[in-house]
Amino acid sequence: MPGIEALVELVRVQLDDAQFRVVDPNKRSRFCERDLIKLVQIVTRRKTYKTPHGKGEEEWQAVADKLNEAVKASFSPRACRDKVSALLREHKRATAASCRASGVVEQHTGLSDLIEGYLQLKTRFDEAQQAEKDKKKRKLKRLSAAGNKAMRNGAQR
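Its first residue numbered 3, the sequence shown is counted upward by one per residue in our numbering.
(1) So, for V24: in the same chain, excluding its five sequence neighbours on each side, which residues have a beta-carbon less than 6 Å away from its beta-carbon?
(2) Using the beta-carbon count (16 or more within 10 Å), is C82 buried or exposed?
(3) DSSP three-state label for V24, please.
(4) What are the boundary residues of the alpha helix (DSSP H) that includes E59?
(5) Between T46 and G112, how many whole angstroms is the CB-CB distance? I'm expecting something under 8 Å.
(6) Taking the alpha-carbon of K124 as reference, which of V42, K49 and D37 has the nearest alpha-carbon?
(7) For I6, I'd like the list of residues in its chain whose CB is within less than 6 Å of its CB, leaving aside the five on either flank, ordered along the chain.
(8) State the Cα-Cα distance for the pair A64 and K52, rounded to the nearest angstrom.
What follows is the structure, encoded as C-alpha cells:
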C-alpha cells in the first residue's frame, strides 16, 4: 500500500523537524546534563561569587539569559541559582562520602570537574576576602592601641 508508506514517511519527517524543547517563557524547562554543564560553565566564567551585595538578582538574570540563549530553553534566574546551590551541596556531600569510604576510587565526570573548579575559585576568593578583613581589623586594633597609649601619656603629664 503506497498510501500508508507515504503517511509513515510524512509522520517521520514531521517528528524529525520537531524541536526537543519549545522555548516558551511562560513554561519552565527542566535541566538535563548538557544544561547543567553549560550552567556551571557560565557561572564559573561570570564569577557570581564576586557579585556585590544587592546586585545578585541582576547577576542571576544575566546568567539565566545567557543559559537560555545557549541551550534554547526557558530557565528563570531563581531556577538557575537554586540549581547551582543544589549542585554545590550535592558535590560537597559526595566528596565527603568519598573521603570517608576507604578503597573507593572517585568517579569524575565533566560536571563534577567543573563544579570542583568553581568551588576552588570561590574558596580562593573567600580566603582573600577574609585575609583583607583580618588585615583591616589588625590595623584598627593597632591604631586604637596607639590612641589609648597617647591618651594615657597625656593624662600623666
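We treat Cβ as the ideally placed atom computed from N, Cα and C, and that holds for glycine. All values reported here derive from a predicted model rather than from experimental measurement.
Once the coordinates are examined:
(1) Low confidence applies here, because V24 scores a pLDDT of 47, under 50, leaving its location unreliable; read the following figure in that light. For V24, where only same-chain residues beyond five positions count, there are no Cβ hits under 6 Å.
(2) Buried, because 16 or more other Cβ atoms sit within 10 Å of the Cβ of C82.
(3) Confidence at V24 is low in this model, with a pLDDT of 47, below 50, so the placement of that residue should be treated as unreliable; the coordinate-derived value is given next. DSSP places V24 in coil when its eight states are reduced to three.
(4) Where E59 is concerned, the enclosing alpha helix (DSSP H) starts and stops at G58 to V73.
(5) Contact annotation, T46 with G112: C-beta distance approximately 13 Å; criterion of less than 8 Å not satisfied.
(6) The option with the nearest alpha carbon to K124 is K49.
(7) If we look at I6 and ignore the five residues flanking it on each side, it has no Cβ neighbours.
(8) Roughly 14 Å separates the two Cα atoms.
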